[in-house]
Structure formats: C-alpha cells, structure tokens
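With positions in the sequence shown counted from 1, the corresponding number in this note's numbering is that position plus 7.
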Amino acid sequence: YTEGPRHASQLAAEFLDEAAMKHGRYWLVIIASGDGTSHEFLDALSRAPAELRERFTVLRLPMGTGNDGSDGHSMEESLRRLGPDGRVATQPALRVIPNPQGPAASAAPEGEWRSFNIASIGLDAFVTQQTNKLKANLPGDFYKLWLDVASILYDRIYPSADMLIVAKDEKGTELARYEGRFLLTAMGISGHRRYGANKPILPDDDNVCAIRQMPLLRKLALKGPIAKGGHRKFPEALLFSASELDIQYGAEILVQMDGEAHPLCAADFPLRIARTEPLVRYLGLRG
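See below:
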C-alpha cells in the first residue's frame, strides 16, 4: 500500500527493477486506489523502456471519489475483467508539453506531464485544484457547495484572454484552428471519456471539447445539461477530433492531468497536448 505522495511512483520503479532482473516474466498489477495514485503508477510505467513496460498489465479498480480513470465505474464491472470476459488491451497516453523555456517545463517530469484519461486547461482544472485543497479541510461533502461558489469566482481569479487552438492529425497536419476566449479546453485519449466524478465531458466519438467563454447566467443555465453530456445542443461547445493540440495563450491559467492540477503562465506557451501510440497494457472487456 502507498504511504504518501509519489510512493506509487517509487513502487512502480521497484517493480520495473525486479522485472529487469527476471526476463520473460509478465506481471498483472491491480491498482486499488483513487485517480491520483493510479496516475502516479502509470506515469512511471509509461516512461519505462518498451521491453519492460510491455510485460506489465494493469487493472484499475474504482476505489476513489472520482474513479474517472478506472477500468470500469463499478467494482462488479472491473472484476469481470479478471474472468473469461476480460482481454488484454493497450491504451495511449497524452503528453502535455509546456514551452521548454517556461517555468512549467522544470516542474514537469522530464519536461512533460502525462495523462491516461483527460488533460484540460481552464475552469475544470481550477475545480480540480480547489477540490484537492478543500476535500482535506472541509467535512463530508461540504466542499462541493464551496466548489459551486469557486466556479462562479473563476473569472475573477483567472480573467480570460484570447486563445488559439490548432488541431492536428497523427502526422502533424493541421486540421482546424479555433480562436477566441475559452472557458475550458479538454482532450481525451479517446472519445466517450468521463471525469469529475463520472461526468461525460467527452460524450461521443470526438476526443476534444472546447467551450467558449460566456456570461455568468448562461454558465449557470448550461451547467446541468453539459454535466449530462448535452454539449451539442449549445453553440458555445465545440467538439472535434485531433491527435494533437497546439495552444497559444498569453496569461495565467491552470492545467490538469487526471485530477492533478498545475499552474501555467504566458511563458509556458505554446503548450502541446499530443496523443501517443498505444503505450500501457490494461485489462479490458471483450466486445
């Protein structure tokens, strides 16, 4: 079991060291934790040489508050993968790469963060940051009430500025570009992705969602429908597919990867979010 921050990374390193000495042996690692611990382990595993990495298969059980990156959103669904319904699959990751000349590049491991579900910048990264702070200090679910208040105050804390989003395919060819002021921009390793305690931020096959800035009353009106996956009903929501995003921005903002938030400033842009080739083996379901 883990005893504190970064302990899961240390455990992954120990497992990899052992695998290096035991050639030909394969490992199934069952991760019973929240998204943060799971992310730490996968981050370390994803950076290992392919010869070692490909001998590990993970099963992520839904043991945290969000369970957004787990293999199955219920314990029953997850454990089915250990039986005849299970199959080994391989998923990509997202590389989140700030400008090498900015301060974030020094904070990010080897100059880049990684995500195994969704990476995003803007309002939802702010909510992630506040959630992590408040859960430790407020009793029960009271922190959720404060989150609603904090979301209203977001624009005062992080005033929006013009942003340029360039979408590219796997060969680096530009597909489209979007300009303006955005409330959030989220990219998943695929479509049909959830986060924020099972909210369908990517409700269909498209793996990118960008929501344009809007007045407060409009935000309040759209909050419920978007939390249920009704994005396409509203012109402020842009849904599209891309293998890479190049983002230009000239102000402070937050970025989050699988529930871990970090600050960015103007010097950290351009920011690149790029999907890798299939990288991490996990237990999926047949069909």
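Each residue gets a CB set at the ideal place from its N, CA and C atoms; glycine is no exception.
Note that the coordinates shown come from a computational prediction; the quantities given were computed from them, not determined experimentally.
Does the beta-carbon distance from threonine 97 to leucine 290 come in below 9 Å?
As a first step, residue 97 is located in the sequence shown; it is residue number 90 there, counting from the start. As a first step, residue 290 is located in the sequence shown; it is residue number 283 there, counting from the start. Contact: no.
Candidates Leu252, Gly237, Tyr256, of which the one nearest glutamate 181 by Cα:
Indexing the sequence shown from 1 puts residue 181 at position 174. For glutamate 181, the nearest C-alpha among the options comes from Leu252.
To the nearest angstrom, how far is it from the Cα of glutamine 136 to the Cα of histidine 269?
Here residue 136 corresponds to residue number 129 of the sequence shown, with the count starting at 1. Here residue 269 corresponds to residue number 262 of the sequence shown, with the count starting at 1. Each residue's alpha carbon lies about 8 Å from the other.
Return the Cβ separation of arginine 67 and serine 77 in integer angstroms, given the expectation that the two are a contact with Cβ distance under 8 Å.
For this step, residue 67 is matched to residue 60 along the sequence shown. For this step, residue 77 is matched to residue 70 along the sequence shown. Their Cβ separation, rounded to whole angstroms, is 5 Å, which keeps arginine 67 and serine 77 in contact under 8 Å.
By Cβ distance below 7 Å, which residues in the same chain neighbour proline 69 in space, the five residues on each side in sequence not counted?
Counted from its first residue, the sequence shown places residue 69 at position 62. These residues qualify, in order along the chain: Ser77, Gly79, His80, Ser81, Met82, Ser85.
Just checking my contact of asparagine 106 with proline 277 at CB under 8 Å: how many whole Å lie between their CB atoms?
Within the sequence shown, numbered from 1, the residue matching residue 106 stands at position 99. Within the sequence shown, numbered from 1, the residue matching residue 277 stands at position 270. 6 Å between Cβ atoms; contact.
Rounded C-alpha distance that separates threonine 44 from alanine 174
Here residue 44 is taken as the residue at index 37 of the sequence shown, counted from 1. Here residue 174 is taken as the residue at index 167 of the sequence shown, counted from 1. One C-alpha to the other measures close to 30 Å.
Between which two residues does the beta strand (DSSP E) harbouring alanine 183 extend?
Within the sequence shown, residue 183 is the residue found at index 176, counting from 1. Where alanine 183 is concerned, the enclosing beta strand (DSSP E) stretches over 181-187.
Three or more C-beta pairs below 8 Å linking the region 208-224 and the region 179-196
Contact between the region 208-224 and the region 179-196 is established, with three or more Cβ pairs separated by less than 8 Å.
Using only CA atoms, which one of Ile128, Ile104, Gln108 lies nearest to glutamate 119?
Mapped onto the sequence shown, residue 119 falls at position 112. Cα-wise, what sits closest to glutamate 119 is Ile104.
Using 9 Å as the threshold, is the C-beta distance between leucine 49 and leucine 23 below it?
To locate residue 49, count along the sequence shown from 1; it is residue 42. To locate residue 23, count along the sequence shown from 1; it is residue 16. No; because the gap between Cβ atoms is not below 9 Å, this pair is not in contact.
Pull the bridge partners of glycine 291 from the DSSP assignment, please.
By one-based count along the sequence shown, residue 291 stands at place 284. Looking at the DSSP assignment, glycine 291 forms a beta bridge with Arg94.
Nearest-angstrom Cβ-Cβ length linking leucine 261 and isoleucine 128, presumed shorter than 8 Å:
To locate residue 261, count along the sequence shown from 1; it is residue 254. To locate residue 128, count along the sequence shown from 1; it is residue 121. At roughly 7 Å, the Cβ-Cβ gap stays under 8 Å, so leucine 261 and isoleucine 128 are in contact.
Just tell me which of Arg288, Gly294, Arg293 has its CA closest to the CA of phenylalanine 123.
Residue mapping note: residue 123 aligns to position 116 of the sequence shown, counting from 1. For phenylalanine 123, the nearest C-alpha among the options comes from Arg288.
Can you tell me where the beta strand (DSSP E) holding lysine 206 begins and where it ends?
Looking up residue 206 in the sequence shown gives position 199. That run of the beta strand (DSSP E) goes 206-209.
May I ask you to report which of helix, strand or coil DSSP gives isoleucine 159?
As a position in the sequence shown, residue 159 is number 152, starting the count at 1. Looking at isoleucine 159 - three-state DSSP - the assignment turns out to be helix.
Just verifying my parser: in three-state terms, what is the DSSP assignment at arginine 239?
By 1-based counting over the sequence shown, the position of residue 239 is 232. DSSP places arginine 239 in the helix class (H, G or I) of the three-state scheme.
Might you give, ordered along the chain, the residues of its own chain that have their beta carbon closer than 6 Å to the beta carbon of alanine 281, omitting 5 neighbours on each side?
Position 274 of the sequence shown holds residue 281. The beta carbon of alanine 281 sits closer than 6 Å to the beta carbons of Arg102, Glu251 from its chain, once the five residues preceding and following it are set aside; these are given in chain order.
Pick from Val95, His14, Arg184, Ala57: whose alpha carbon is nearest that of leucine 35?
Against the sequence shown, residue 35 aligns to sequence position 28. Per the Cα distances, Val95.
State buried or exposed for leucine 223, treating a residue as buried only when at least 16 other CB atoms are found within 10 Å of its CB.
Translated into positions along the sequence shown, residue 223 becomes position 216. For leucine 223, the number of other beta carbons within 10 angstroms of its own is below 16, and it is reported as exposed.
Is isoleucine 260 a contact residue of the ligand SAH, with contact defined as CB to any heavy atom under 8 Å?
Questions concerning the ligand SAH fall outside what the structure shown contains, since it holds no ligand whatsoever.
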